[in-house]
Amino acid sequence: MRQVEEERLAKVDLTLLKAPEELALIRKLGEFPFEIIAGVEKQDPSRMTKYAMDLASSFHTFYNACRVRTEDSGLMQARIQLIEAVRTVIKNNLDILGVQAPEKM
């Protein structure tokens, strides 16, 4: 199953993500490992909650600016993959904080 998922991911062309909101969201996702390290080094778990709020804000900006369902199936798949990455990072962030998130709201 994992191999099928990896093959599906390999077919997504993330270079199609060029809108400023997409790039800002990708940059924010890239900050996650550094926020974990900084939070541990400074013994400041509030960094993780602030990061989660900032990521949610970046996602909101992206979602309002960029249509996910589009006629360009490649772009749509790339945006869906970006959304999945946000979902994974938020879940991991909440796990670090010891918080359970609902699947649906």
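No gaps in the numbering here: position 14 of the sequence shown is 849 in our numbering, and each next residue is one more.
For glycine and all other residues, C-beta sits at the position ideal for the given N, C-alpha and C.
Asp879 to Glu906 span [Cα, whole Å]: Cα-Cα distance, rounded: 44 angstroms.
Among Asn927, Ala900, Asp930 and Ile925, which one has its Cα closest to the Cα of Leu858? The residue with the shortest Cα to Cα distance from Leu858 is Ala900.
With distance defined between alpha-carbon atoms, name the residue in Ile861, Glu938, Ala873 and Ile871 nearest to Val921. Of the candidates Ile861, Glu938, Ala873 and Ile871, the one whose C-alpha sits nearest the C-alpha of Val921 is Ile861.
May I ask you to report which of helix, strand or coil DSSP gives Glu919? If DSSP states are grouped into helix, strand and coil, Glu919 belongs with the helices.
Near Glu866, what residues of its chain come up, given a Cβ to Cβ distance below 8 angstroms and the 5 sequence neighbours on each side ignored? Correct list, in chain order: Tyr886.
Same chain, Cβ closer than 7 angstroms to Gln912, neighbours up to 5 away in sequence not counted: Hits under 7 angstroms: Val847.
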